[in-house]
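**Student:**
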Ligand SMILES: Cc1cc2nc3c(=O)[nH]c(=O)nc-3n(C[C@H](O)[C@H](O)[C@H](O)COP(=O)(O)OP(=O)(O)OC[C@H]3O[C@@H](n4cnc5c(N)ncnc54)[C@H](O)[C@@H]3O)c2cc1C
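In structure tokens:
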């Protein structure tokens, strides 16, 4: 990130070239604003769009910017799975659940590092949020899914098994309400007045990711407030290694390329505090045999509790398959080589979506085998040990208890016995940043006096300490919408300045 700086940290640059007169006064305030809106939101993911819709519903004029050419950030490429205790699919299946149990699960997985007031809000608003996503934003959630670390099956999935199933209806809703969007516009600096209130931002319009000198400098005035919904920094190798040097270039990321975190750093530059930046989540379900997120996460996560995860070198299980992400990723990183997950045709056909299976087989990351012998040969697993391990697992399935690793075995789980068998290799990728800006339950960003920075809000992955040490799968979508809505509502209520 290189910027042309002058007194007060402001820019002299126009279109990347020096202009004759400085565009800012010595304190960094622009001499002229290029555009203005009541509320300016950075980011077009779940958090930014939820904030936009709510701020607009509260009567504010809203402008949403995004540095990329296309909208949606990580949200549009996500799996569309959202934790929602007490939902209609659980009721149909007779599953008992509550906000209290979700909160317990989030705190336990988070090693109690999550700020409990933020977790409580997420959990308590979960029912309301599912209703809002369907009735206000226009999304459809069609099935119930399980994710490791949750006590029960409680997450719902969008009709197209993708975050696009929520992002696109939200985007359409926001546009229909008159929210303005400005793509290829990168926020570089937050502008504050003498009282320390955030009054706008310096951006580059026409920015071409990742060229820091592309586009033209412009100043956007926020009459009421700014909401940062700019996501995490999984793709910023240098920043993530500052906080966790172990996560080096050996590890790819599942994230969209723009997850680079400079908006969080821009907030820190005006005095915002960050928290838990070294808790960076590795996804234990990605495959080295395909790029990005791919198909295997949806294959693996549907199969945990219905099949075995095995170290190919020993032929043995090595971890609780239904354990949380950190437990599983750490175990794989300790082995230091990819592992395999597999099950039989009965479990796979019941659990895995046909298009996940078809696409995974097409790209070669999911493989089909007629016999266990073939499977063992393909992954060079000692056959006798593997057969013994499968027999042991099938015994656990009969008894509904895994005395080796305490893996959850579901009522529908059947023994791994019926050919063909399906398998995939697994190796972790950088997936989620639990750290971010310190915020209170009104989504206001806090400074080093432990006070809210006037007119600055944060939501989504850019907000720290919601998930603590480990984010449970499907809880980001929930947190994004919960705090996006709160941030938007509160931003719209700020008294306008000037
Ligand atoms: C492949 C994948 C699958 C996932 N599946 C799930 C799931 O099923 N359930 C779940 O709960 N979670 C899931 N997650 C996590 C979840 O999707 C993300 O944490 C969430 O989408 C983050 O939303 P957000 O609104 O905070 O940020 P994002 O959706 O990432 O949006 C941030 C936006 O801000 C923009 N931006 C960043 N910096 C600037 C700047 N300086 N100026 C202007 N714009 C900027 C970015 O370009 C981006 O468009 C998944 C994540 C990935 C990567």
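Numbering (our numbering), first residue to last: 61 to 558.
In this text, a Cβ means the ideal position worked out from N, Cα and C, and glycines have one as well.
No experiment lies behind these values; they were computed from the predicted model shown.
Is residue 11 near ligand 1, in the sense that its beta carbon is under 6 Å from a heavy atom of that ligand?
**Tutor:** The displayed coordinates of the chain run from 61 to 558. Any statement about residue 11 would go beyond what the structure contains.
**Student:** With a 10 Å radius around its C-beta and 16 neighbouring C-beta atoms as the bar for buried, classify residue 491 as buried or exposed.
**Tutor:** Residue 491 sits at position 431 when you count from the first residue of the chain shown. By the 10 Å Cβ count, residue 491 comes out buried.
**Student:** Quick check for students: name the residue ranges of the alpha helix (DSSP H) that lie wholly in the stretch 376-449, counting only runs of 4 or more.
**Tutor:** Runs found: 385-395, 405-411, 414-423, 432-438.
**Student:** Quick check: the stretch 332-344 against the stretch 468-476, are at least 3 beta-carbon pairs closer than 8 Å?
**Tutor:** Cβ pair count under 8 Å is below three, so no.
**Student:** Threshold first: 3 residues or longer. Then list the beta strand (DSSP E) segments lying entirely within the stretch 169-253, N to C.
**Tutor:** DSSP runs (the beta strand (DSSP E)) wholly in the stretch 169-253: 201-205, 215-218, 240-242, 245-252.
**Student:** Which whole-angstrom value is the C-beta distance of residue 541 and residue 106, which I expect to be below 8 Å?
**Tutor:** Stepping through the chain shown from its first residue, residue 541 is reached at position 481. Stepping through the chain shown from its first residue, residue 106 is reached at position 46. About 6 Å; that satisfies the 8 Å criterion.
**Student:** Assuming contact is defined by CB atoms lying nearer than 7 Å, are residue 477 and residue 99 in contact in what I supplied?
**Tutor:** By one-based count along the chain shown, residue 477 stands at place 417. By one-based count along the chain shown, residue 99 stands at place 39. No, Cβ-Cβ distance for residue 477 and residue 99 is not below 7 Å.
**Student:** Measuring alpha carbon to alpha carbon, tell me which of 297, 481, 557 ends up nearest residue 426.
**Tutor:** Taking the first residue of the chain shown as position 1, residue 426 is located at position 366. Taking only the C-alpha atoms, the option nearest residue 426 is 481.
**Student:** Between the stretch 222-235 and the stretch 148-156, are three or more C-beta pairs nearer than 8 Å?
**Tutor:** The stretch 222-235 vs the stretch 148-156: no contact.
**Student:** Looking at residue 246 and ligand 1, is the gap between the Cβ and the nearest heavy atom below 6 Å?
**Tutor:** Working through the chain shown from its first residue, we reach residue 246 at position 186. Within the cutoff, so yes.
**Student:** Since I believe residue 479 is in contact with residue 404 (beta carbons under 8 Å), could you give me their beta-carbon distance rounded to a whole number of angstroms?
**Tutor:** Translated into the one-based positions of the chain shown, residue 404 becomes position 344. Translated into the one-based positions of the chain shown, residue 479 becomes position 419. So it is a contact: roughly 7 Å between Cβ atoms.
**Student:** Taking all protein chains shown into account, decide if residue 186 is buried (16 or more other Cβ within 10 angstroms of its Cβ) or exposed.
**Tutor:** For this step, residue 186 is matched to residue 126 along the chain shown. Flag for residue 186 reads buried.
**Student:** What residue range is occupied by the uninterrupted alpha helix (DSSP H) comprising residue 149?
**Tutor:** Translated into positions along the chain shown, residue 149 becomes position 89. Residues 148-153.
**Student:** Measure from the alpha carbon of residue 385 to the alpha carbon of each residue in 367, 407, 406, 339, then state which is nearest.
**Tutor:** Against the chain shown, residue 385 aligns to sequence position 325. Selected option, being the one with the closest Cα: 339.
**Student:** According to DSSP, is residue 507 helix, strand or coil?
**Tutor:** By 1-based counting over the chain shown, the position of residue 507 is 447. Strand, per DSSP.
**Student:** Run through the DSSP bridge pairs and tell me what residue 90 is partnered with.
**Tutor:** Residue numbering aside, residue 90 sits at position 30 when the chain shown is read from its first letter. Partner(s): 84.
**Student:** Do residue 332 and residue 102 come within 7 Å of each other at the CB atom, strictly closer than that value?
**Tutor:** For the purposes of this step, residue 102 is taken as residue 42 along the chain shown, with counting starting at 1. For the purposes of this step, residue 332 is taken as residue 272 along the chain shown, with counting starting at 1. Result no, Cβ atoms of residue 102 and residue 332 do not sit closer than 7 Å.
**Student:** If we ignore side chains and look at the alpha-carbon of each, how far apart do residue 73 and residue 264 end up?
**Tutor:** The residue labelled residue 73 in the question sits at position 13 within the chain shown. The residue labelled residue 264 in the question sits at position 204 within the chain shown. Because the pLDDT of residue 73 is 41, which lies under 50, any placement of that residue in the model is unreliable, and the question is left without a value.
**Student:** Helix, strand or coil: which one does DSSP assign to residue 532?
**Tutor:** As a first step, residue 532 must be located in the chain shown, where it is residue number 472. Looking at residue 532 - three-state DSSP - the assignment turns out to be coil, as it is neither helix nor strand.
**Student:** At what residues does the beta strand (DSSP E) containing residue 99 begin and finish?
**Tutor:** Your numbering for residue 99 matches position 39 in the chain shown. Per DSSP, residue 99 belongs to the beta strand (DSSP E) from 95-102.
**Student:** Just reading off the beta strand (DSSP E) that residue 143 is part of, what are its end residues?
**Tutor:** Along the chain shown, read from residue 1 onward, the residue named residue 143 stands at position 83. Element bounds for residue 143: 141-143.
**Student:** Alpha carbon to alpha carbon, what distance is there between residue 259 and residue 550?
**Tutor:** On the chain shown, position 490 is the one that residue 550 refers to. On the chain shown, position 199 is the one that residue 259 refers to. Taking the straight line from one Cα to the other gives about 15 Å.
**Student:** Between the beta-carbon of residue 125 and the beta-carbon of residue 245, is there less than 7 Å?
**Tutor:** As a working mapping, residue 125 is identified with position 65 in the chain shown. As a working mapping, residue 245 is identified with position 185 in the chain shown. Taking 7 Å as the Cβ cut-off, residue 125 and residue 245 qualify as a contacting pair.
**Student:** Run through the stretch 313-370 for me and flag every whole alpha helix (DSSP H) of 4 or more residues, listed as ranges in chain order.
**Tutor:** Runs found: 322-329, 356-363.
**Student:** Can you tell me which of the three DSSP states residue 579 falls into?
**Tutor:** Lying outside 61 to 558, the shown extent of the chain, residue 579 is not represented and no answer is given.
**Student:** Measure the Cβ-Cβ separation of residue 423 and residue 361 and say whether it is below 7 Å.
**Tutor:** Taking the first residue of the chain shown as 1, we reach residue 423 at position 363. Taking the first residue of the chain shown as 1, we reach residue 361 at position 301. Against a cut-off of 7 Å, the Cβ pair of residue 361 and residue 423 comes out as no contact.
**Student:** DSSP puts residue 279 in a beta bridge; with which residues?
**Tutor:** In the chain shown, the residue the question calls residue 279 occupies position 219. DSSP output for residue 279 lists 262 as bridge partner(s).
**Student:** Buried or exposed for residue 397, please, with buried defined as at least 16 other CB atoms from any protein chain shown within 10 angstroms of its CB.
**Tutor:** Here residue 397 refers to the residue found at position 337 of the chain shown. Exposed is the call here.
**Student:** What are the boundary residues of the beta strand (DSSP E) that residue 489 is part of?
**Tutor:** As a first step, residue 489 must be located in the chain shown, where it is residue number 429. Element bounds for residue 489: 489-493.
**Student:** Spatial neighbours of residue 268 within its chain, please: C-beta separation below 6 Å, excluding the five flanking residues on both sides.
**Tutor:** Here residue 268 refers to the residue found at position 208 of the chain shown. Contacts found: 274.
**Student:** Any contact of the stretch 216-228 with the stretch 136-145, i.e. 3+ C-beta pairs under 8 Å?
**Tutor:** Yes: the two stretches touch, three or more of their Cβ pairs being nearer than 8 Å.
**Student:** Would you check if the distance between the CB atom of residue 314 and the CB atom of residue 489 is smaller than 7 Å?
**Tutor:** Here the question's residue 314 lines up with position 254 in the chain shown. Here the question's residue 489 lines up with position 429 in the chain shown. Cβ atoms of residue 314 and residue 489: closer than 7 Å.
**Student:** Helix or strand or just coil, what does DSSP make of residue 165?
**Tutor:** For the purposes of this step, residue 165 is taken as residue 105 along the chain shown, with counting starting at 1. Three-state DSSP puts residue 165 in a helix.
**Student:** Is there at least one non-hydrogen atom of ligand 1 closer than 6 Å to the beta-carbon of residue 266?
**Tutor:** The count along the chain shown starts at 1 and reaches residue 266 at position 206. The answer is no for residue 266.
**Student:** Near residue 212, what residues of its chain come up, given a Cβ to Cβ distance below 6 Å and the 5 sequence neighbours on each side ignored?
**Tutor:** Locating residue 212 in the chain shown gives position 152, counting from the first residue. Excluding sequence neighbours, residue 212 sits near 155, 157.
**Student:** Sort 282, 278, 510, 452 by Cα distance to residue 368 and report the nearest one.
**Tutor:** Stepping through the chain shown from its first residue, residue 368 is reached at position 308. Closest option to residue 368, Cα to Cα, is 452.
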